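Worksheet: the structure to be examined is printed underneath.
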Amino acid sequence: MRQSDIICSCETGSGSQRVGVITLARPKALNALSIEMVTVLHDQLAAWDQDDTVSHVILKSSAPRAFCAGGDVRLARTLMTEDPVDGALDYFRSEYLADVAVAHFSKPMIALCDGIVMGGGAGIAQNCSHIIVTDTTRFAMPETAIGLFPDATASLFLGRCPRPVALWIGNTGAMLDGADCMMLGLAHAAVKSADIDTLSDALVTCSADMIDSVIADFQIDPGVPGLTANRAAIDYIFGAEKAEDMVMRAADMARIKGDAFADSIHSLLTTRCPTSIKVFTHLLNLSDTIADADAALDLDFKLALKMMRRPDFVEGVRAVLVDKDNAPSWSPATLAEVSDDMIADIFNHEGLPSLR
120 MRQSDIICSC
130 ETGSGSQRVG
140 VITLARPKAL
150 NALSIEMVTV
160 LHDQLAAWDQ
170 DDTVSHVILK
180 SSAPRAFCAG
190 GDVRLARTLM
200 TEDPVDGALD
210 YFRSEYLADV
220 AVAHFSKPMI
230 ALCDGIVMGG
240 GAGIAQNCSH
250 IIVTDTTRFA
260 MPETAIGLFP
270 DATASLFLGR
280 CPRPVALWIG
290 NTGAMLDGAD
300 CMMLGLAHAA
310 VKSADIDTLS
320 DALVTCSADM
330 IDSVIADFQI
340 DPGVPGLTAN
350 RAAIDYIFGA
360 EKAEDMVMRA
370 ADMARIKGDA
380 FADSIHSLLT
390 TRCPTSIKVF
400 THLLNLSDTI
410 ADADAALDLD
420 FKLALKMMRR
430 PDFVEGVRAV
440 LVDKDNAPSW
450 SPATLAEVSD
460 DMIADIFNHE
470 GLPSLR
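Taking this note's numbering, the leading residue of the sequence shown gets 120, the next gets one more, and so forth.
Here you go:
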């Protein structure tokens with residue numbers, strides 16, 4: 120890691136207080152989180168949590184294109200090719216422990232989610248006390264495309280969405296805009312992307328009890344959520360209990376009604392990793408039983424270890440990010456071949472280490 124990949128500073132705030140500012144500064148990688156970056160994030164938050172002079176923290180990006188595109192899955196793939204059993208254990212533990220640190224941070228923490236917000240980046244933002252989106256926000260959980268599953272507490276924050284919408288987001292990697300995030304409760308306020316730096320400056324100079332007021336001064340009407348136009352189709356297709364039935368409903372809707380959106384959903388559900396789709400569908404069904412971020416992240420960690428030991432993750436990252444042929448060879452290749460026993464085994468964590 121270059122020292123500048125993540126920049127932590129304390130700025131003079133209101134009165135005798137200081138404000139912590141964490142800037143993700145790895146723009147060429149869309150701020151993908153390296154193991155060093157999440158370690159710095161974890162350690163810095165632990166220090167600031169104990170520092171009475173720090174009133175609140177701002178988490179932002181150095182560039183407008185992306186807040187954070189997620190974890191460094193290329194690195195995780197490399198680690199798994201070197202050690203197919205536990206190669207990525209330390210990486211995922213470090214990433215999830217950073218999420219734990221954010222979730223447990225006792226002071227206000229504001230995530231300025233300008234631009235791309237995906238995967239692990241979404242997980243970090245969703246555990247902040249204040250989540251700000253903009254007119255350029257593009258939020259997604261694309262893990263089923265690479266043989267993983269929506270993690271980083273997705274079982275909690277997507278679990279709070281209507282079930283069909285959560286399954287659409289998690290199983291297809293659907294891209295949400297800022298208005299979508301506001302409607303679904305995935306953000307607290309929307310502001311103009313052009314105002315994000317000015318808002319950041321204002322948050323530095325305000326006291327913690329004025330954070331909401333400062334944000335309100337910049338807030339805009341996010342507009343009509345993009346998903347509204349296809350909400351009926353989403354509710355119908357993803358109202359099915361089983362993944363196979365989701366595929367069938369999408370196919371029927373595309374054929375009978377000539378629905379282009381349904382046709383695109385059918386294509387996604389039949390090309391994304393079948394095991395990943397069934398794992399996330401089952402995980403979402405468990406969301407009401409997951410008590411908090413600690414429990415969610417411990418489950419994510421154990422599921423990640425199980426998924427890492429299967430061939431799909433290495434193959435998925437190869438197809439999407441390494442060779443970029445977008446032609447992964449999944450194993451099993453179809454949803455029908457992913458048995459209930461396979462899913463039960465992935466959720467059987469006897470003998471696996473805990474996150475903490």
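Positions of the beta carbon are idealized from the N, C-alpha and C atoms, including for glycine. The model shown is predicted, which means the values in this text are computed figures rather than measured ones.
Secondary structure at F466: coil, using DSSP grouped into helix, strand and coil.
In this structure, V433 places its C-beta atom within 7 angstroms of the C-beta atom of R196.
For F276, the enclosing alpha helix (DSSP H) has its first and last residue at 273 to 276. Here S225 is not near I154, since their CB atoms are 7 angstroms or more apart.
Segment contact: the segment 293 to 303 against the segment 435 to 445, fewer than three CB-CB distances shorter than 8 angstroms; contact not assigned. If you look at F258, you'll find it in the beta strand (DSSP E) that goes 257 to 259. It is roughly 7 angstroms from the alpha-carbon of F399 to the alpha-carbon of P269. Annotation: M294 to V252 spans about 14 angstroms, alpha carbon to alpha carbon. Here the alpha carbon of Q338 sits roughly 20 angstroms from the alpha carbon of A185. For the set A165, A313, D314, G297, the Cα lying nearest the Cα of L346 is the one of G297.
Separation of L403 and S274 (C-alpha to C-alpha, rounded to the nearest whole angstrom) is 6 angstroms. Judged by their CB atoms, G292 and P261 are nearer to each other than the 7 angstroms cut-off.
Annotation: H307 is outside any beta strand (DSSP E) and is labelled neither H nor E by DSSP. Annotation: the continuous alpha helix (DSSP H) that includes T324 extends over 315 to 324. Under DSSP, L295 forms a beta bridge with F258. If the five residues before and after R137 are omitted, its C-beta is found closer than 6 angstroms to the C-beta atoms of C129, T172, V173, all from its own chain and listed in chain order. Taking the C-beta atoms as reference points, C232 is found nearer than 7 angstroms to A244. Counting every other CB atom within 10 Å of its CB across the protein chains shown gives A352 a total of 16 or more, marking it as buried. Under the DSSP assignment, F399 falls in the alpha helix (DSSP H) whose first and last residues are 393 to 404. The Cβ atoms of G238 and T255 lie no closer than 7 angstroms to each other. Uninterrupted beta strand (DSSP E) stretches at least 3 residues long and entirely within the segment 169 to 218 occur at 173 to 180, 185 to 187, given in chain order.
In the three-state DSSP reduction, S133 falls in the coil class, being neither helix nor strand. Closest in C-alpha terms to L454, from the list M365, A381, D124, M199, comes M365.
Secondary structure of S225 (DSSP, three-state): coil.
Closest by C-alpha distance to A222, out of A412, G189, D417, L422, is A412. Of the residues D205, L160, L418, N349, the one whose Cα lies closest to the Cα of I288 is N349. Counting the other CB atoms within 10 Å of its CB gives A259 a total of 16 or more, which places it among the buried residues.
Nearest neighbour of L471 by Cα position, chosen from D205, K311, E360, turns out to be D205.
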